[in-house]
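Notes follow once the structure below has been shown.
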Amino acid sequence: MNETIEKLDKFLSTLRPEFYSELNDPLTDEELDNLENYYKVEIPKDLRTLYKWKNGQNMNCFDSFVNNSMFIPLNQALFDASELNPMIGTDFEIENWWNENWIPIFQNGGGDSICYDLYGVFTGQKDQLIEFWHADNDRNIIAETLESFLDKLINFYETKNKNDFDEYFNIENIEGFPKKFIVE
Numbered sequence: 001m002n003e004t005i006e007k008l009d010k011f012l013s014t015l016r017p018e019f020y021s022e023l024n025d026p027l028t029d030e031e032l033d034n035l036e037n038y039y040k041v042e043i044p045k046d047l048r049t050l051y052k053w054k055n056g057q058n059m060n061c062f063d064s065f066v067n068n069s070m071f072i073p074l075n076q077a078l079f080d081a082s083e084l085n086p087m088i089g090t091d092f093e094i095e096n097w098w099n100e101n102w103i104p105i106f107q108n109g110g111g112d113s114i115c116y117d118l119y120g121v122f123t124g125q126k127d128q129l130i131e132f133w134h135a136d137n138d139r140n141i142i143a144e145t146l147e148s149f150l151d152k153l154i155n156f157y158e159t160k161n162k163n164d165f166d167e168y169f170n171i172e173n174i175e176g177f178p179k180k181f182i183v184e
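Just so we're aligned, residue 1 is where the sequence shown starts under full-length UniProt numbering, counting upward by one.
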């Protein structure tokens with residue numbers, strides 16, 4: 001994962017320097033431990049590595065990090081999840097409309113997220129990335145791991161010239177994904 005982060009850092013700083021300057025300072029191990037204790041969640045190693053690189057983007061920066069979504073600071077991601085979790089069984093009557101094992105690390109500002117799945121809902125594959133749509137019932141698994149998703153993002157940057165870059169883009173064509181699930 002460290003090599004993946006180094007490559008991502010290189011491409012973002014080179015191809016998107018204005019956006020790169022909007023990324024927040026990294027979290028320390030102590031800050032990560034404090035968030036784990038406060039939210040009573042174990043932050044997996046690859047997610048810790050991501051947030052030890054950069055703690056999301058400035059909340060006043062609305063540029064897309066990936067898939068028309070912003071990179072959310074971890075404290076905000078964990079807070080958002082803690083706000084959604086109590087809605088399970090009341091506001092969210094459908095099983096897995098929201099799941100307490102999801103951390104929304106990328107958000108589009110309209111209530112939709114790409115979530116890190118701590119448990120492996122639907123597939124049993126922990127650490128996969130799943131799409132949460134606040135108004136739709138599809139819950140697609142878009143990548144087996146955070147690292148495989150970031151590798152595809154790096155591949156996207158490897159194939160783009162700085163002048164050809166369009167802020168809106170989707171990372172797709174990850175072999176075997178998306179895996180489509182509908183909650184009803």
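Glycine residues also receive a C-beta, built at the ideal position from the N, C-alpha and C atoms.
Taking its Cβ as the centre, do 16 or more other Cβ atoms sit within 10 Å of Phe65, making it buried, or is it exposed? That one is buried.
Does the Cβ of Tyr38 have 16 or more other Cβ atoms within 10 Å, making it buried, or fewer, making it exposed? Exposed.
If I follow the unbroken alpha helix (DSSP H) through Ile53, where does it start and stop? Looking at the sequence itself, residue 53 is Trp, so the reference to Ile does not match. Start and end: Lys45 to Trp53.
For Asp166 and Tyr157, the rounded distance between their alpha carbons: Taking the straight line from one Cα to the other gives about 11 Å.
Limits of the alpha helix (DSSP H) - the one that Asp117 falls within: Premise fails: Asp117 lies in the beta strand (DSSP E), Ser113 to Asp117, not in any alpha helix (DSSP H).
Rounded to a whole number of angstroms, what is the C-alpha to C-alpha distance between Asn55 and Ala135? C-alpha separation (whole angstroms): 28 Å.
Hey, which unbroken runs of the alpha helix (DSSP H) at 4 residues or more fall wholly within the stretch 25-111? Unbroken alpha helix (DSSP H) runs of no fewer than 4 residues, entirely contained in the stretch 25-111, are found at 29-39, 45-53 and 74-84, following chain order.
Could you give the distance in angstroms between the alpha-carbon of Pro44 and the alpha-carbon of Tyr119? The straight-line gap separating the alpha-carbon atoms of Pro44 and Tyr119 is approximately 11 Å.
Since Cys115 and Trp102 should fall inside the 8 Å C-beta cutoff, what is the C-beta to C-beta distance between them, to a whole number of angstroms? Yes, Cys115 and Trp102 are in contact; Cβ-Cβ is about 4 Å, under 8 Å.
Label Tyr51 either buried or exposed according to how many other C-beta atoms from any shown protein chain fall within 10 Å of its C-beta, with 16 as the threshold for buried. Per the 10 Å Cβ criterion, buried.
Any heavy atom of the ligand SAH closer than 6 Å to the beta-carbon of Tyr157? As presented, the structure is devoid of all ligands, the ligand SAH included, so that no description of it is given.
Ile72 and Ile105 - do their beta-carbons sit closer together than 7 Å? Against a cut-off of 7 Å, the Cβ pair of Ile72 and Ile105 comes out as a contact.
What is the C-beta distance between Asp46 and Asp127, in whole angstroms, given that I count them as a contact (C-beta under 8 Å)? Indeed, because the Cβ distance is near 7 Å, the residues count as touching under 8 Å.
Report the three-state DSSP secondary structure of Phe132 (helix, strand or coil). Note: Phe132 maps to strand in three-state DSSP.
So for Ile171, helix, strand or coil by DSSP? Ile171 falls in the coil class under three-state DSSP.
Taking 7 Å as the limit between beta carbons, can you name the residues of its chain near Lys7, skipping five residues before and five after? Excluding sequence positions up to five before and after Lys7, its CB lies within less than 7 Å of the CB of Ile154, all in the same chain and listed in chain order.
Ends of the alpha helix (DSSP H) at Ile154? First-last of the alpha helix (DSSP H) with Ile154: Leu146 to Glu158.
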